[in-house]
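Notes for the one structure printed next.
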Amino acid sequence: MTHTGSQSSSSSSGRSTQSCHSTTGLVDPAARQPGGKGKATSSRRSTPRTTWTTEEIDELVNLLMLHHGSAGDNGFKDETYNKIAAELNQKFRNQKVPKTGKSCCVKWKNLKSEYNVIAHLKGPASGFNYSDDKGAIVDEATKQAWASYCKSHLAAAKYKDNPWPYWNDLLPLMSSSPK
């Protein structure tokens, strides 16, 4: 699996064994006191964004395939993401921001989201033709319909005449993965 492209980014909040689907926050102690007027605060820290090269995404998908057997009904476990992050960091040593289990989980979540955008485009409900080589095929006859479609499907706009390279790579993972 080799894809062309440069980088994408996703937010990462440091090394964590928390599921990327969980939300945690810190609560101001004054909020717990009767009559206190404290506010809930986010546990997010200002950390550099995790960037992903095409090669790193390719390797992430390969590693997810290798660990596919360990995925439960709700997807991969935190332990799996942490192992994958360690393997990525071992292979790609010159990263500005090392991968974490959370950043791998977030990237997988984003890949699944993009997969679902393409699945909808490929399906009959979209009303468009989608080619794995060319992306969404929009011509003069479908130009207005495409503009209307993109108003309610914002994430689809970038795939006009621009294919998504991971469709076939993710098919085996998505067939049994919660969407």
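Residues 1 to 179 in the numbering used here are what the sequence shown spells out, letter by letter. Quick reminder that beta carbons are idealized off the backbone N, C-alpha and C, glycines included.
Round the Cβ separation of residue i and residue j to the nearest angstrom and send it over; I've been treating them as touching at under 8 Å.
i: Gly127; j: Asp161; result: Actually they do not touch by this definition, with Cβ atoms about 17 Å apart.
Does the separation of the CB atoms of residue i and residue j fall below 8 Å?
i: Tyr81; j: Ile118; result: no
i: Ala156; j: Cys150; result: yes
i: Lys112; j: Met174; result: yes
i: Pro163; j: Asp139; result: no
i: Leu121; j: Tyr130; result: yes
i: Met65; j: Pro165; result: no
Which same chain residues, not among the five before or five after residue i, have their C-beta less than 8 Å away from its C-beta?
i: Ala85; result: Pro98, Lys99, Thr100, Gly101, Ser103, Cys104
i: Thr17; result: Since pLDDT at Thr17 reaches only 37, below the 50 mark, its modelled position is unreliable, and no value is offered.
i: Leu170; result: Val61, Leu111, Lys112, Tyr115
Label residue i either buried or exposed according to how many other C-beta atoms from any shown protein chain fall within 10 Å of its C-beta, with 16 as the threshold for buried.
i: Leu154; result: exposed
i: Lys143; result: exposed
i: Gly75; result: buried
i: Glu55; result: exposed
i: Ile137; result: exposed
Spatial neighbours of residue i within its chain, please: CB distance less than 7 Å, with the 5 preceding and 5 following residues excluded, ordered by chain position.
i: Glu59; result: Leu88, Lys91
i: Ser152; result: none
If you draw a straight line from the alpha carbon of residue i to that of residue j, how long is it in whole angstroms?
i: Thr24; j: Val61; result: Note that Thr24 scores 31 on pLDDT, short of 50, meaning its location in the model is unreliable; the coordinates nonetheless yield the value given after this. Cα to Cα, Thr24 sits roughly 27 Å from Val61.
i: Asn168; j: Pro48; result: 31 Å
i: Ser70; j: Trp146; result: 40 Å
i: His67; j: Ala125; result: 33 Å
i: Leu63; j: Arg93; result: 17 Å
i: Ile57; j: Gly123; result: 25 Å
Kindly list the residues whose CB is nearer than 6 Å to the CB of residue i, restricted to its own chain and excluding five residues on each side of it in sequence; keep chain order.
i: Ser148; result: none
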